[in-house]
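Heads up, the thing below is written out as C-alpha cells.
In the working numbering, the protein residues as written are 400 to 557.
Pasting the structure below:
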C-alpha cells in the first residue's frame, strides 16, 4: 500500500466534494483533524504503525460516509455530486483492499448497493450509478497504482 497516496486521495475527495458544502460542521472539523494526524503517521515497514494507520484510515472514511449519508446538502441539493464522484472513483479514493472494512457489509459492491446506501430516489441519478457500473464492466481500468485522484478528468493517450 502507498500510504502517502492514500492520505492525498482522501484529502482530495474531502476538500473537493465534502468540505465546501459543510465547512463549519463539527464532524468536518474532526475529519480535518484526523486527516492531519493520519498524515503524520509514517508506517514505512513498521507493522505496528501500519496497523495504526489502517485503523485511522478506515475510521476517517467511515466518518466521511456517515456525513454523506446524513447531510442533505451533500446529496440532493447539489445533484448528488459527492456520492456520484465517490461511487465512480471509489477505487482511487479508497484503497481497494480496505473497502470491505470501511463499508462493513456482507454484500458485493454493486449499483444497487450504492443506490440503496445513499437512498438515491431520483431515477436519473440512479441510472447514472447503473451506468457507472456498466461502464466499469466494459472498460479496462488502468492499474490503480499509477492512477491517482489528480488524474481524474484527465485522459491519457497512448
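In this text, a Cβ means the ideal position worked out from N, Cα and C, and glycines have one as well.
Answer with yes or no whether the minimum CB distance from residue 424 to chain E is below 9 angstroms.
This model lacks chain E altogether, as it is built from one protein chain only.
Can you have a look at residue 435 and say buried or exposed, based on whether 16 or more other CB atoms are within 10 angstroms of its CB?
exposed
Please report the Cβ distance between residue 468 and residue 481, rounded to the nearest whole angstrom; I am assuming they are in contact, meaning their Cβ atoms lie under 8 angstroms.
Not really, about 11 angstroms apart at Cβ, beyond 8 angstroms.
Please determine if the region 519-535 and the region 427-445 are in contact, where contact requires at least 3 C-beta pairs separated by less than 8 angstroms.
no
Buried/exposed call for residue 535, threshold 16 Cβ in 10 Å:
exposed
Taking the alpha carbon of residue 521 as the reference point, which residue from 483, 491 and 489 has its own alpha carbon closest?
483
Answer with buried or exposed for residue 478, where buried requires no fewer than 16 other C-beta atoms within 10 angstroms of its C-beta.
exposed
Residue 496 classed as buried or exposed, judged by whether at least 16 other C-beta atoms fall within 10 angstroms
Exposed, by the Cβ-count rule.
Assigned secondary structure, residue 452 (DSSP; H/G/I helix, E/B strand, else coil):
helix
Would you kindly work out how many angstroms separate the C-alpha atoms of residue 490 and residue 409, rounded to a whole number?
CA-to-CA, the gap between residue 490 and residue 409 works out to about 11 angstroms.
Can you give me the Cβ contacts of residue 426 inside the same chain, cut-off strictly under 6 angstroms, excluding the 5 residues immediately before and after it?
Answer for residue 426: 466, listed in chain order.
Please confirm whether residue 514 and residue 460 have their CB atoms less than 9 angstroms apart.
For residue 514 and residue 460, no; Cβs fall outside 9 angstroms.
Secondary structure at residue 446, three-state DSSP: helix, strand or coil?
Three-state DSSP puts residue 446 in a helix.
Could you compute how far the alpha carbon of residue 453 sits from the alpha carbon of residue 414?
21 angstroms
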